[in-house]
Each structure stands twice: as C-alpha cells, then as structure tokens.
Amino acid sequence: RFVLKEDVASNTALKSSAQRSIRSKLLEQMPVLSQPINNLNQTSDGPTDPTGGDENQLSLIESIWPKKETLYLLKCREHISILVCKGLPLFFQRFDEAYFPTLRLVHQYPTLLPQVQVDRGAIKFVLSGANIMCPGLTSPGASLPDQLATNTPVSVLAEGKQHACAIGFTQMSSIDMRKINKGIGVDNIHYLGDDLWAIESI
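Per my numbering, residue 29 is the first one in the sequence shown, and the count goes up by one each step.
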C-alpha cells in the first residue's frame, strides 16, 4: 500500500535513454496510451469519428507526457517510484512491478485501465485502504468485466459515483472471483485521500 513520508530519497531528471525505455514500457502495459487523444475524449452524447480521426493528432501519451518534456523519477521509501512531468505525478511503481497511473490521471482519462465497481457497502473500506474482497465485486451493486486475468491493473469505481476511488490489481481472475467469491479480489494500492492523492504537484 502506498505511504509517502517526508523522507523522499531522491528526485532525478532521467536521461533520454531511460525516458525512451519507460515510454516503451508504459505503451506496452497500457496500449490505450497510443490512441489519438480526441478519440478518447468523446462522451456518450457526442459524435464519434468512424475513420479513427486525424492521424496527425496527439496520442494520449504525448498529451500526458510530451516528448520534449523531461521526465523526473521521484524515489520514495517503501520502494515506491513516481514518474513526474511538469511537476505532476503521472505514474507510480512498486519495486520493479508494473506502472500504475495515479488516480488524478485516471480521473482525467478514465479508460486508462480496465474498470471494476464495488457495491455501496464496500466504499468505506476501500477509502480506508482495505483490499477489496470478492463479494464486494460480485454483488448486485458491483460490476466485474468477464475477461480480467490475475495481476491486471484496474481502476475501482464505486456504486453511484462517477470517478474511480482506487487503483489496484487483481489477485485472481474475474472468473475465479465469481466462482470462489471469497478472499481478496483486488489489492488496493492507491485510493482517494491517501498520501499520493494529496500530492497535486511536486
């Protein structure tokens, strides 16, 4: 679980080679980052472009992290690293695991990660940092995609709420969550009100 203390170890501007490597990893882990930004900003009421839009328009990753902007690596205790661009925390990583977008970034771009939804009864537990149990994801007020694999990064929505309230990764597949329906379904690693959420700029 992410806990940021005041004793940040370092804040380093990354070399071009390191930035290219990280950009490649982000695109591999989140293919939606390569999509044209305009296509992702359509609302359910707005028009869609059947041609896929202008091929010259910015991709999502270029909008979030322009190629000419330097990326900074903020290393914190508990083996947490945060990728920062223009003073904004964008992605974080635990040890050498996958990168996760921050909640603030997911609020801007909700399609960055697959979405699960917890029922109303689970909300207070999620916002206290608790992991999400399978029954909170399989009840009538919840929502769970069919094809989630184990260790998939997900954003966690709450019944009746518009924006994600947490970021985590699945502890088992969605098939097993429904079948077993007990134990931890999603490991909660970043949630509304935690120390990472409190950082608006660095």
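C-beta atoms are modelled at their ideal positions from N, C-alpha and C, and glycine is treated no differently. Given the structure is predicted, the values throughout are model-derived calculations rather than measurements.
Could you check if A177 belongs to the surroundings of the ligand FAD, using beta carbon to heavy atom distance under 7 Å?
Among the ligands in the structure shown, none appear at all, so the ligand FAD cannot be discussed.
For S109 and V36, the rounded distance between their alpha carbons:
Looking at the two C-alpha atoms, the distance is approximately 10 Å.
When you compare the segment 170-183 with the segment 135-150, are there three or more beta-carbon pairs, one atom per stretch, that lie closer than 8 Å?
With a cut-off of 8 Å, the segment 135-150 and the segment 170-183 count as touching, because enough Cβ pairs lie within range.
Sequence-distant residues of its chain with Cβ nearer than 8 Å to S167 (five each side left out):
Cβ-Cβ distances below 8 Å link S167 to D147, G149 in the same chain, with the five nearest sequence neighbours on each side left out; the list follows chain order.
Alpha carbon to alpha carbon, what distance is there between P117 and A226?
Linking A226 to P117 through their CA atoms gives a straight-line distance of about 11 Å.
With DSSP as the reference, label T79 as helix, strand or coil.
Any reading at T79 needs caution, since the residue's pLDDT is 36, under 50, leaving its predicted position unreliable; the model's value is listed next. The answer is coil: DSSP assigns T79 none of H, G, I, E or B.
Starting from the N-terminal side, write out each stretch of the beta strand (DSSP E) that is 3 residues or longer and does not extend beyond the segment 173-219.
Counting only runs of 3 or more, we get 181-186, 194-198, 212-219.
R122: first and last residue of the uninterrupted beta strand (DSSP E) it sits in
Note, R122: beta strand (DSSP E), 116-122.
DSSP three-state assignment for A150, whether helix, strand or coil:
Here A150 carries a helix assignment [DSSP, helix/strand/coil].
Taking 8 Å as the cut-off, decide whether the C-beta atoms of C162 and G196 are in contact.
In this structure, C162 keeps its C-beta atom at 8 Å or more from the C-beta atom of G196.
Since Q57 sits in a beta bridge, which residues does DSSP pair it with?
The partner list for Q57 (beta bridge, DSSP) is empty, contrary to what the question assumes.
Do the CB positions of T98 and A186 come within less than 8 Å of each other?
No, the pair does not count as a contact, with Cβ atoms beyond the cut-off.
Among F120, K96, D204, K207, the one whose alpha carbon lies nearest that of R105
The shortest CA-to-CA distance from R105 to any of F120, K96, D204, K207 is the one to F120.
Span of the alpha helix (DSSP H), counted from its first residue to its last, around P163
Counted as a single uninterrupted DSSP element, the alpha helix (DSSP H) harbouring P163 occupies residues 163-166.
Inter-residue Cα distance where the pair is L224 and I230
Spanning the two alpha carbons is a distance of roughly 11 Å.
S173 vs S202 beta-carbon contact at 8 Å
A quick correction: the sequence has Pro, not Ser, at residue 173. At the C-beta level, P173 and S202 come within 8 Å of one another.
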